[in-house]
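Asker:
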Amino acid sequence: MKCTKTSSATIVEPEKQSIIEIFTDFKIIYDDIATNNIILNLSHLENINNKNLSLFSKLIKKHKKNKKSFVLIVNETYLNKLSDEITAAPTLTEAKDLVEMEEIERDLGF
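Heads up: take any position in the sequence shown, counting from 1, add 44, and you land on the numbering used here.
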């Protein structure tokens, strides 16, 4: 799993193809990046849905409760199929924009 820290977020690029393997690897590194906004790139995966992303639900909720963004990059085909509780974007640029917008909202007290 490749992690790249930018000024606004840590971008995580999984090398595995299975959502279960990605989640297992992600849990191992999570504590090291938990204080950062996180962008997790899952755009290479097919058949993304709420059921297989439910593995990440507790971590996403915990992360947002700690006033940090957690954005998934998924293929545009799957965006409309995801729960409203999951923040997702089709590209890295859009994911970064979402992180910035959420930072502004938090700064304004929303």
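All C-beta atoms in this analysis are idealised placements derived from N, C-alpha and C, irrespective of residue type, glycine included.
When you compare the CB positions of Val56 and Leu84, do they come within less than 7 Å of one another, or not?
Answerer: yes
Asker: Can you name the start and end residues of the alpha helix (DSSP H) that Ser67 belongs to?
Answerer: The identity of residue 67 in the sequence shown is Phe, whereas the question assumes Ser. Its alpha helix (DSSP H) spans residues 63–77.
Asker: Nearest to Lys47 by CA position, among Ile64, Asp69, Gln61, is which residue?
Answerer: In the sequence as displayed, the identity of residue 47 is Cys instead of Lys. Cys47 has its Cα closest to that of Asp69, out of Ile64, Asp69, Gln61.
Asker: How would you call Ser64, buried or exposed, if buried means at least 16 neighbouring beta carbons within 10 angstroms?
Answerer: Sequence check: residue 64 is Ile here, not Ser. Burial call: exposed.
Asker: Between Met45 and Ile73, how many whole angstroms is the CB-CB distance? I'm expecting something under 8 Å.
Answerer: 6 Å
Asker: Mark Ser101 as exposed unless 16 or more other C-beta atoms lie within 10 angstroms of its C-beta, in which case mark it buried.
Answerer: exposed
Asker: Could you check whether the Cβ of Thr68 sits closer than 6 Å to any heavy atom belonging to the ligand MN?
Answerer: As presented, the structure is devoid of all ligands, the ligand MN included, so that no description of it is given.
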